[in-house]
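Just below is one structure, and these are the notes that go with it.
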Amino acid sequence: GEQWTHSLAILYSMASVRISADVVACSTAVTAWQRGGWWTRALEVFEDMKRAGLQANVITYGALISACERGGHWAGALALLGELTSKRVSPGEITRNAAISACQKGQQWSLAIDLLGAALRAAARGEEPAPTASAFNAAISACEKGHQWAAAVALFEQLRQRCRLPNAAEAEAEAEIAPIPAAAAARLGPDVVSFNATMSACERGSQWAAALSLLKEARQTHVLPDVFTFSVAIHACGTGHRWDCSLALLRQMPVARVAPGVVAYNSATSACEKAAQWAVAIELLDSAVRDSVQADQTTCNAAISACEKAGHWLAALGLLRDMPRRRLKPDVITCSAAISACEKGDQWATAL
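Here is the structure:
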């Protein structure tokens with residue numbers, strides 16, 4: 004809500020009647036600015052505390068690091084974390100996770116891994132609880148944004164091994180692995196975000212087989228894949244020119260009780276476009292209607308491009324003329340693909 008504005012109003016009232024703010028009041032102000040998304044103002048309060056000779060506590064530092072994380076100021080988050088740890092104070096799970104997340108948003112994947120390693124070492128010494136899946140997820144996402152698919156997979160494997168979670172091959176072979184409580188698996192083991200981030204990293208790295216294996220593993224363990232999980236796998240298969248796998252995954256979604264969305268359909272249609280599977284691409288447009296999915300410009304453009312690549316100019320024109328019925332307007336990509344299809348079919352007059 005807007006409670007943070009009330010906190011600031013009280014603090015300003017104290018100043019107006021010359022009541023000196025203490026550490027608690029200043030920490031409250033920092034937290035208020037953090038919740039309001041004003042990370043620069045939060046840092047200004049912190050500087051005022053220093054000038055007033057007030058010693059910030061772990062709550063203050065936590066709010067400041069979270070404010071920097073929200074503002075995408077990764078360097079400030081790391082500086083504050085270093086300042087806190089130099090005082091031999093444990094930052095705690097939430098604060099350290101915020102710093103890792105700040106590195107993730109700043110695409111500082113190596114620093115995110117370093118912070119996670121520090122958290123693991125602190126846990127090994129008994130100084131902090133073991134990092135949860137959310138800490139690993141932020142580091143994996145940082146690797147994904149940095150196009151470091153191998154590092155992302157390595158972190159995922161480390162997360163899996165903490166709970167001795169079976170991989171796809173082990174689960175399929177029904178290997179005897181000691182079970183863990185569901186609560187522990189949810190907190191310490193991979194969750195759907197872990198799978199999604201790692202699969203996305205594999206997709207960016209053109210590792211379609213690895214992404215497909217992770218989806219298979221998720222479906223065989225306690226993790227329930229969502230629409231993003233399937234969409235990433237479908238797109239990865241398309242990138243790997245496996246349109247057949249993309250189509251199979253799309254058709255498996257209702258079986259897995261996951262409703263296909265427009266992103267999944269777009270990924271599948273794009274996979275068909277890359278392989279010039281024009282008939283399948285057109286069928287996907289009709290299938291989207293049956294699944295109550297509103298195809299968008301990307302879907303139609305991919306289908307028209309599939310017709311263009313296969314040399315079916317008449318089908319491309321049919322899709323172009325059908326766009327108003329679908330409440331879609333042709334764009335530059337649409338027209339370019341349709342013109343190219345006519346050119347390939349020696350239909351220069353139609354193209355003009």
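Residue numbers 4 to 355, in this note's numbering, belong to the letters of the sequence shown in order.
Think of the CB as a built atom: it goes at the ideal place given N, C-alpha and C, for glycine as much as any other residue.
The Cβ atoms of Ala259 and Pro228 lie closer than 8 Å to each other. In the DSSP assignment, Glu130 falls outside any alpha helix (DSSP H), carrying neither H nor E. For the options Ala155, Pro134, Ala136, Ala133, the alpha carbon positioned closest to that of Ile143 is the one of Ala155.
Counting along the chain, Ala221 sits inside the alpha helix (DSSP H) bounded by residues 211-223.
Residue environment for Thr272: buried (at least 16 other C-beta atoms within 10 angstroms of its C-beta). Boundaries of the alpha helix (DSSP H) around Gly85: 77-89.
Here the C-alpha atom of Leu162 lies approximately 42 Å from the C-alpha atom of Trp281. Inter-residue distance for Arg38 and Gly75 is about 14 Å (C-alpha atoms, whole angstroms).
Per DSSP, the unbroken alpha helix (DSSP H) holding Thr201 starts and ends at 195-207. As the crow flies, the alpha-carbon of Ala319 is around 15 Å from that of Arg328.
The segment 145-153 makes no contact with the segment 128-136: fewer than 3 CB pairs, one atom from each, lie closer than 8 Å.
Per DSSP, reduced to three states, the secondary structure at Val296 is coil, with no helix or strand assignment. Taking a C-beta distance under 8 Å as the contact criterion, Trp42 and Arg73 qualify as a contact pair.
C-alpha of Val283 to C-alpha of Ser290: approximately 10 Å in a straight line. Membership of Thr242 in the alpha helix (DSSP H) is indicated by the continuous run 230-242. Exclusion of the five residues before and after Gln111 leaves Trp77, Ala145 as the residues of its chain whose Cβ lies within less than 7 Å of its Cβ. Shown here for Ile307: same chain residues with a beta carbon closer than 8 Å to its own, the five before and five after excluded, namely Ala319, Leu322, Leu323, Thr337, Ala340, Ala341, Ala344 in chain order.
Annotated three-state conformation of Pro333 is coil, per DSSP. By the Cβ-count criterion, Asp194 is buried, with 16 or more other Cβ atoms from all chains shown falling within 10 Å of its own Cβ.
Rounded to whole angstroms, Lys108 and Thr34 show a C-alpha spacing of 21 Å. Distance from the CA atom of Ala213 to the CA atom of Ala236, rounded to whole angstroms, is 9 Å. For the pair Asp334 and Gln300, the CB atoms are nearer than the 8 Å cut-off.
Setting aside the 5 residues that flank it on each side, Arg222 is surrounded in the same chain by Pro228, Ala259, each with a C-beta closer than 8 Å to its C-beta; the list follows chain order. Going by DSSP, Thr135 is part of no alpha helix (DSSP H) at all; its letter is neither H nor E. With fewer than 16 neighbouring CB atoms inside 10 Å of its own CB, Glu130 falls in the exposed class. For Ala45, the enclosing alpha helix (DSSP H) covers residues 42-54. Of the candidates Val292, Thr302, Lys347, Thr302 places its Cα closest to the Cα of Ala274.
Straight-line spacing of the CA atoms in Ile62 and Ser113 works out to 27 Å.
Rounded to the nearest whole angstrom, the C-alpha separation of Ala115 and Ala141 is 8 Å. Between Thr232 and Trp211, the C-beta spacing is not below 8 Å. Rounded to whole angstroms, the separation of the alpha carbons of Leu57 and Gln164 is 44 Å. Closest in alpha carbon position to Ile97, among Ser89, Arg124, Leu46, Tyr64, is Tyr64. With respect to Ala66, Ala45 sits close: the two C-beta atoms are nearer than 8 Å. A distance below 8 Å separates the beta carbons of Ser93 and Ala125.
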